[in-house]
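Residue numbers (the working numbering), protein chains in the order written: chain A, 1 to 147; chain B, 1 to 147; chain C, 1 to 415; chain D, 1 to 415.
Note that CB positions come from ideal geometry on N, CA and C, so glycine has one too.
The next block holds one structure in the form of structure tokens; read it before the comments.
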Amino acid sequence: MDLRELYQQVIVDHNRNPRNFKELPPPCSHAEGHNPLCGDKVTVYVHVEDDVIQDVTFQGDGCAISVASASLMTEHLKGKTLSQEKDLFESVHDALTKKDSEIDLMHFGKLGVLANVKNFPMRVKCATLCWHTLEAALANQKSVTTE
Amino acid sequence: MDLRELYQQVIVDHNRNPRNFKELPPPCSHAEGHNPLCGDKVTVYVHVEDDVIQDVTFQGDGCAISVASASLMTEHLKGKTLSQEKDLFESVHDALTKKDSEIDLMHFGKLGVLANVKNFPMRVKCATLCWHTLEAALANQKSVTTE
Amino acid sequence: MSKSAHNLETFFDVERYRKDFPALHQEVHGKPLAYLDNAATAQKPQQVIDAISNYYSNHNSNVHRGVHTLSGRATDLYEGSREKIAKYINAKSTKEIIFTKGATEALNLLAYSFGEHAISAGDEIIVSGMEHHSNLVPWQLLCQRKNAILKILPITKKGELDLALLPELISDKTKLISVVHTSNALGTVNPIEDIINIAHTQNIPVAIDGSQALPHTAVDMQALDADFFIFTGHKMFGPTGVGVLYGKEAWLEKLPPYQGGGDMIRTVSYTHSEYNDLPYKFEAGTPNIAGVIGLGAAVDYIQNIGIHNIQAYETELLNYATEKALAFDGLNIIGQAEHKSGVLSFTIDGVHPHDIGTIVDFEGVAIRTGHHCAMPVMNFFNVPATARASFAFYNTFSEVDALFVALEKTKDMLF
Amino acid sequence: MSKSAHNLETFFDVERYRKDFPALHQEVHGKPLAYLDNAATAQKPQQVIDAISNYYSNHNSNVHRGVHTLSGRATDLYEGSREKIAKYINAKSTKEIIFTKGATEALNLLAYSFGEHAISAGDEIIVSGMEHHSNLVPWQLLCQRKNAILKILPITKKGELDLALLPELISDKTKLISVVHTSNALGTVNPIEDIINIAHTQNIPVAIDGSQALPHTAVDMQALDADFFIFTGHKMFGPTGVGVLYGKEAWLEKLPPYQGGGDMIRTVSYTHSEYNDLPYKFEAGTPNIAGVIGLGAAVDYIQNIGIHNIQAYETELLNYATEKALAFDGLNIIGQAEHKSGVLSFTIDGVHPHDIGTIVDFEGVAIRTGHHCAMPVMNFFNVPATARASFAFYNTFSEVDALFVALEKTKDMLF
Ligand SMILES: Cc1ncc(COP(=O)(O)O)c(C=O)c1O
Ligand SMILES: Cc1ncc(COP(=O)(O)O)c(C=O)c1O
Chain A
1 MDLRELYQQV IVDHNRNPRN FKELPPPCSH AEGHNPLCGD KVTVYVHVED DVIQDVTFQG
61 DGCAISVASA SLMTEHLKGK TLSQEKDLFE SVHDALTKKD SEIDLMHFGK LGVLANVKNF
121 PMRVKCATLC WHTLEAALAN QKSVTTE
Chain B
1 MDLRELYQQV IVDHNRNPRN FKELPPPCSH AEGHNPLCGD KVTVYVHVED DVIQDVTFQG
61 DGCAISVASA SLMTEHLKGK TLSQEKDLFE SVHDALTKKD SEIDLMHFGK LGVLANVKNF
121 PMRVKCATLC WHTLEAALAN QKSVTTE
Chain C
1 MSKSAHNLET FFDVERYRKD FPALHQEVHG KPLAYLDNAA TAQKPQQVID AISNYYSNHN
61 SNVHRGVHTL SGRATDLYEG SREKIAKYIN AKSTKEIIFT KGATEALNLL AYSFGEHAIS
121 AGDEIIVSGM EHHSNLVPWQ LLCQRKNAIL KILPITKKGE LDLALLPELI SDKTKLISVV
181 HTSNALGTVN PIEDIINIAH TQNIPVAIDG SQALPHTAVD MQALDADFFI FTGHKMFGPT
241 GVGVLYGKEA WLEKLPPYQG GGDMIRTVSY THSEYNDLPY KFEAGTPNIA GVIGLGAAVD
301 YIQNIGIHNI QAYETELLNY ATEKALAFDG LNIIGQAEHK SGVLSFTIDG VHPHDIGTIV
361 DFEGVAIRTG HHCAMPVMNF FNVPATARAS FAFYNTFSEV DALFVALEKT KDMLF
Chain D
1 MSKSAHNLET FFDVERYRKD FPALHQEVHG KPLAYLDNAA TAQKPQQVID AISNYYSNHN
61 SNVHRGVHTL SGRATDLYEG SREKIAKYIN AKSTKEIIFT KGATEALNLL AYSFGEHAIS
121 AGDEIIVSGM EHHSNLVPWQ LLCQRKNAIL KILPITKKGE LDLALLPELI SDKTKLISVV
181 HTSNALGTVN PIEDIINIAH TQNIPVAIDG SQALPHTAVD MQALDADFFI FTGHKMFGPT
241 GVGVLYGKEA WLEKLPPYQG GGDMIRTVSY THSEYNDLPY KFEAGTPNIA GVIGLGAAVD
301 YIQNIGIHNI QAYETELLNY ATEKALAFDG LNIIGQAEHK SGVLSFTIDG VHPHDIGTIV
361 DFEGVAIRTG HHCAMPVMNF FNVPATARAS FAFYNTFSEV DALFVALEKT KDMLF
């Protein structure tokens, strides 16, 4: 296994220059995610109208995987419907956490770079944190934790 | 090591027919001894006048070593002075519990049969229980425990 | 003695399994060891010893907290054990398996956390008259602290629970019933299903001390429906220093943590600490990692033999020993319940149990003598102590013979 | 990097000792393992592993309760370990050595028993700003339960205790001061002698969390005069699942027991239980017998090398690592106390510690990244986490080199 599989150029790029890295002011909903094991903290802001994600942004402090994952997530989801988001959440979660998942993340554009995280079990939660946090924001929960 | 060293005929005899196995009524002092590990329980009664042990008896429930030891003790101590008792207590205690004791219990008549108990470390407390209980009775403590 | 091991046949290939237990193959006082003290602690198969050595030699690392390779491997082994054990006792989820230092710690954890959650002055807790001190003293301490009341379900002369009295004992103040599955002092197997049924009709939770059950019988948490179930590793061929508190997830979610420290919290500041998820909320500090891994290996080992085979063979063994005991002059069996497992507790007229212990030891036979941490049981039967032979699947009929030959010597020696 | 391991000399024959540690001799991701996570848990010498296997293979039995040979041998080994440890830390008596599951349990035991004995509403307990959660959360829980007040002795930017503030913190309500000897997050060695002196002039007892001290330095209970001293086996080359609470006999006599169960009581009836003598009053249930015996073997091992040799060599190692760290571009050392031991905690600009951990792991280097169970320390330094290399006497200068080569890769990978 080569470490470049994890730290692909896209990930390094999104970590250094995270997209949509900003707050959205209320009344947009937001939620905080926290992985105390590594200290990752992320806040996801989301603005939904007519069942469409009009805008989604994040802020926080975390490892390259968690920052890049959040950046890629926001980029991908802007303009998607809530039901598309739900499918995507389940695909990502399934692909990264289920041993015999048949989901191929390569079908989801740049998000494909997350596929390899599966080979680094200790880093999976870094990649999924922002997704759980988005779910919480959409459900209007205040915070979420993964470990 | 032969088990007969522990269960010598004198011990078997005193276990089956304990001497001085009775209560002494107040105002004689008495104390209870207890070894919860094996369930041994002994009550020692003692009657002292003019610094001489006029009478000493016991009652209780215990293994052969503890019963025989108590029986032998009472037999030996009747008529002895308190200072003789003190010497004897220390000799017995020393001989049975100190690794490099130089006390030879053979000098104390029948009590000599207790000497071998030392070779059975798990049984030493059975032999010393009645002695500690006597000390307690003389000191007017209510109870004592060995383990 | 009419029967002897030579004319007995069994389906169980005991010699095959004995090979796995290095401690069994030694002499004591020049005689082959007959280890009949299994209720105190069981011997360990090489597979368990190797699991521990292998962990320390190849994977040793702290769990849960690292990103490096060894730490990942240690965590996988540790959590893998939890999965094995959850599956083995058919828990619904690994969240229901809390690792402790042993049954005693598990029961203290439960008494403390349940006590903080549910017990106020005047509340009642019911235990039985045949509890090990570990399922008695923690409740006594709790009741003292909270001014609650400990009620005792009595036992009968045969050594069975007097179940008919249970409904009377229960009141609307009863907050918990905690009873032993198999008594270490008597061998009695209690009708825990019935107790759970009775309690649950009144919405009273039940804790079962299964310490003596796991080495001998299958348990199924979902079928049994106990709210809490406790057992200890070293009696089921696992290492010392590890035990399990099983609890239904809904209960464990409600209970406050017991110990504070590393791993059991999510965030800590000076004003506020947030607790971790199950099962970690109850596992403060570095756990007994090697012990947990060893316990997993013990479960593997038991499963390889098949617990039903173990149980069937042990029934033969205990029946054989009981028959001999009944034929032995002056021997009194303490505990003559209908359903018994693993334990033959007895006294011999005119011989103190402590002497029995020493004398049979000189014949290579290891049995326990004393109160077996069950003083109230001794008081009930009005004996200061008993001698106790207790069996595991690796014991043989010949070892039972050796015990009774050795018991004859107690008479030679003391009469 | 100016210096490298090749031109260094040391008096310490590290290769000789490395041979004893099987886990060190393996490859991780195709690179030789450099195990620099010793503050999380230390590796075990073969001597410790063998002591455990030998116990299980030859002597396994429950302790204290039996009259048979194996039980006597197991008890002798178990109590022999207690004697070794008492001697090693120069306790006055073996009664002062309580075996627990680890430092966390020892601290919880202390918080509970001391709390029941001495803490009422409004009383104050002082801990420091650099405690491991295990020496913080138990006191928080106690203070919540008793409506007592937890006060924090602050730390300075260098990562030292601000000792000048201690007299102000102390009031006539102060019932206990509990501080860490050596910080696992910063490496700071605290002036515990001074703290004990200050506290004792006002008759305040002191507890010291020595978990990170024992692997690196000698401790002497009678010289130090701490009232309580806590450490954990697995960090000092012993097994997991065992730790020690040392307490002055006079204190331990006064404190009520923590857990109830077998061995900790003298007599039990339904109306009244009488507790056992020290140290057994605090050791309920079957202890981690193999763990205690393994810890005794670890103490033997340390004594064979000589703790002063260990300390001298580790000072060289840490100095070497610190020099390299200071020369490393973008690296910030977290914790720059005058007196440090065993730990190099750091961050690298622009690289999250978690990524550092993964990347160096691929170079065979095992370090820890995270909050090290010391979140308040992270908050103080305003970092989410740090990377931490922590050393033992079996580490080499070359392993330090390997760490810094690996750290270079983090930049290649992430920029
Ligand atoms: C029925 C029963 N419960 C609880 C215990 C306590 O187990 P441990 O000593 O391993 O904590 C024992 C064994 O000693 C037991 O036999
Ligand atoms: C300073 C300090 N105190 C206490 C502990 C807790 O030790 P354990 O996890 O072995 O209970 C640790 C280690 O984790 C530590 O570093």
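Its Cα nearest to that of Thr145 of chain A, the residue A:Leu37 stands out among A:Gly109, A:Leu37, A:Gln54, A:Gln59. In the structure shown, the three-state DSSP call for Tyr320 of chain D is helix. For Ser91 of chain A, no beta strand (DSSP E) run applies; the uninterrupted alpha helix (DSSP H) run containing it begins and ends at 82 to 97, by DSSP. Gly79 of chain B is classed as exposed because its beta carbon has fewer than 16 other beta carbons within 10 Å across all chains shown. Within the segment 38 to 58 of chain B, those residues whose Cβ lies closer than 8 Å to any Cβ of chain C are, in chain order, Cys38, Gly39, Asp40, Lys41. DSSP, reduced to helix, strand and coil, places Asn35 of chain A within a strand of the structure shown.
For Asn135 of chain C, the three-state secondary structure derived from DSSP is helix.
A direct Cα-to-Cα measurement between Asn38 of chain D and Gly350 of chain D gives close to 26 Å. Secondary structure within the segment 347 to 409 of chain C: the alpha helix (DSSP H) runs of 4 or more consecutive residues, fully enclosed, are 353 to 361, 375 to 381 (chain order). Residues of chain C whose Cβ lies closer than 9 Å to the Cβ of Gly62 of chain B are, in chain order, His352, His354, Pro384. For Val206 of chain C, the enclosing beta strand (DSSP E) begins and ends at 206 to 209. Taking a C-beta cut-off of 9 Å against chain C, the contacting residues of the segment 98 to 128 of chain B are Phe120, Met122, Arg123, Cys126, listed in chain order. Its chain contains Leu109, Tyr112, Ser113, Phe282 as the residues whose beta carbon lies nearer than 7 Å to that of Tyr258 of chain D, once the 5 sequence neighbours on both sides are disregarded; these appear in chain order.
Here DSSP, grouped into helix, strand and coil, assigns Lys101 of chain C to coil. Sequence-ordered contacts of the segment 130 to 145 of chain A with chain C read Thr145 [C-beta pairs closer than 7 Å].
Sequence-distant Cβ neighbours of Ile149 of chain D in its own chain, meaning closer than 6 Å and more than five residues away, are Glu124. Following the DSSP letters along the chain, one finds Lys125 of chain A inside the alpha helix (DSSP H) bounded by residues 124 to 138.
Contacts with chain A at 8 Å (Cβ-Cβ) do not include Val48 of chain C.
Shown here for Ile198 of chain C: same chain residues with a beta carbon closer than 7 Å to its own, the five before and five after excluded, namely Leu166, Pro167 in chain order.
Along the segment 231 to 247 of chain C, none of the residues has a CB nearer than 9 Å to a CB of chain B.
Distance between Gly247 of chain D and Trp139 of chain D, taken at the CA atoms: about 17 Å. Ranked by Cα distance from Ala226 of chain D, the first of D:Arg16, D:Ala91, D:Val405 is D:Ala91.
Closer than 7 Å to some heavy atom of ligand 1: that does not describe the Cβ of Thr10 of chain D. Looking at the DSSP output, Pro256 of chain C bridges to nothing. When D:Pro239, D:Arg73, D:Val365, D:Ile348 are compared, the shortest CA-CA separation from Gly296 of chain D is found for D:Pro239.
For the segment 17 to 92 of chain D, the continuous alpha helix (DSSP H) assignments of 4+ residues that do not extend past its boundaries occur at 46 to 54, 69 to 88, in sequence order.
Using a Cβ distance threshold of 8 Å, Val360 of chain D and Gly291 of chain D do not count as a contacting pair.
Out of D:Asp194, D:Asp209, D:Ile208, the CA that lies nearest to the CA of Gln202 of chain D is found in D:Asp194. Going by beta carbons, Val400 of chain C and Leu326 of chain C fall outside the 8 Å limit. Rounded to whole angstroms, the separation of the alpha carbons of Ala218 of chain D and Tyr394 of chain D is 17 Å. The C-beta of Gln212 of chain D has 16 or more other C-beta atoms within 10 Å across all chains shown, which makes the residue buried. Residue nearest to Gln59 of chain A within the set A:Leu72, A:Val52, A:Glu49, A:Lys41 is A:Lys41 (criterion: CA-CA distance).
Just measuring C-alpha positions, the residue of C:Pro22, C:Leu214, C:Met221 sitting nearest Lys44 of chain C is C:Pro22. Within chain C, the residues placing a beta-carbon under 9 Å from that of Asn108 of chain D are Tyr258, Gln259, Gly260, Gly261, Ala284, Gly285, ordered along the chain.
Interface residue (Cβ-Cβ distance to chain D less than 8 Å): Glu399 of chain C is not classified as such.
A direct Cα-to-Cα measurement between Ile204 of chain C and Gln144 of chain D gives close to 29 Å.
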